[in-house]
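Take 1 as the starting number for the sequence shown in UniProt numbering and just add one per residue.
No residue lacks a Cβ here, since even glycine has one placed at the ideal position from N, Cα and C.
Single-structure report; data block below.
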Amino acid sequence: MSRPRLSPEKWISAGFDALAASGPLALAAEPLARALGTTKGSFYWHFKDVPAFQDALLTKWQTRALEQVLDQLQQSDDADKRLRDFGRAILADPVEPQLRIWAQNDHRVREALVEVDTERLAYLTRLLGQLGLRNTDFARALQAALTGLSLSTDTDMAPFDTLIDTVLALR
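Here it is, written out as C-alpha cells:
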C-alpha cells in the first residue's frame with residue numbers, strides 16, 4: 001500500500017498543529033512523520049534538516065501574521081470594530097503563544113516575532129490615530145496586553161475589550 005505524497009505545506013501544517021499542542025520540541029522529523037502516517041524520508045525529501053523545516057514554518061507563520069495585518073486594514077471603515085477584530089484574530093492563533101515561548105531560546109523565532117510585532121504596532125498606532133489618539137504609548141499598551149493575553153491560559157477577550165474601552169474613553 002503506497003503512502004500519500006506529502007507536500008511541504010502538509011508538513012508545515014502538521015508542524016503548526018504539533019507546535020500548538022506540544023511546543024517547539026515537537027518540531028522534529030520522527031513525531032511529525034508518525035502524526036502524518038509516513039516516514040522520515042518524506043520529511044527529508046522536502047527539508048534539508050529540522051532547522052530548515054523550522055525556518056520554513058517560521059516564514060509561513062510570519063507571512064500569515066503580516067497578511068492578517070493587511071487584511072485588517074481593508075476591513076470595515078469602523079476603526080473601533082477593526083481594533084477589536086484585530087485583537088480577536090491575534091488571540092485566536094494557537095501557534096503564537098508557543099512561538100513566544102520558543103523565542104526565549106531561539107534568535108530566529110525572536111527575529112520573526114520582532115518583525116510581526118513591529119508591523120502590528122504600526123497598525124495599532126495608525127488605527128488609534130484614526131480614532132483621535134496620537135500617543136503611541138496607547139498602541140504599545142494594547143500590543144503588550146495582546147501579547148500577555150496570548151500567553152495566558154484564559155482566552156477571554158473581555159480584558160482586551162475593557163482596555164480598548166478605557167483607552168477610547170481618553171479621547
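Where Met1 sits in the DSSP three-state scheme: Position 1 of the sequence shown, counting from 1, holds the residue named residue 1. Confidence in Met1 is poor, its pLDDT being 48 and thus under 50, which makes the residue's placement too unreliable to answer from.
Exposure label - Leu70; buried when at least 16 CB within 10 Å: Sequence index remark: in the sequence shown, residue 70 carries index 70 (1-based). Per the 10 Å Cβ criterion, exposed.
Burial state of Trp11, where buried means 16 or more other Cβ atoms lie within 10 Å: Taking the sequence shown and counting its residues from 1, one reaches residue 11 at position 11. Counting Cβ neighbours within 10 Å, Trp11 comes out buried, since at least 16 surround it.
Limits of the unbroken alpha helix (DSSP H) element including Pro8: Reading the sequence shown from its first residue, position 8 is the one you call residue 8. Boundaries of the alpha helix (DSSP H) around Pro8: 8-22.
Burial state of Glu96, where buried means 16 or more other Cβ atoms lie within 10 Å: The residue given as residue 96 occupies position 96 in the sequence shown. So Glu96 ends up on the buried side.
Neighbourhood of Leu151 by C-beta, 7 Å cutoff - its chain only, sequence neighbours within 5 removed: The sequence position of residue 151 within the sequence shown is 151, counting from 1. Around Leu151: Pro97, Arg100.
Rounded distance between the beta-carbons of Ala26 and Leu19, thought under 8 Å: By 1-based counting over the sequence shown, the position of residue 19 is 19. By 1-based counting over the sequence shown, the position of residue 26 is 26. For a cut-off of 8 Å, the C-beta gap from Leu19 to Ala26 is around 6 Å, short enough to register as a contact.
9 Å Cβ cutoff met for Asp55 and Arg108: Locating residue 55 in the sequence shown gives position 55, where the first residue counts as 1. Locating residue 108 in the sequence shown gives position 108, where the first residue counts as 1. Taking 9 Å as the Cβ cut-off, Asp55 and Arg108 qualify as a contacting pair.
Residue environment, Val167, which counts as buried when at least 16 other CB atoms sit within 10 Å: If you number the sequence shown from 1, residue 167 lands on position 167. Label assigned to Val167: buried.
Within 9 Å, strictly: CB atoms of Leu127 and Ala79: Counting from 1 along the sequence shown, the entry for residue 127 is found at position 127. Counting from 1 along the sequence shown, the entry for residue 79 is found at position 79. In this structure, Ala79 lies closer than 9 Å to Leu127 by Cβ.
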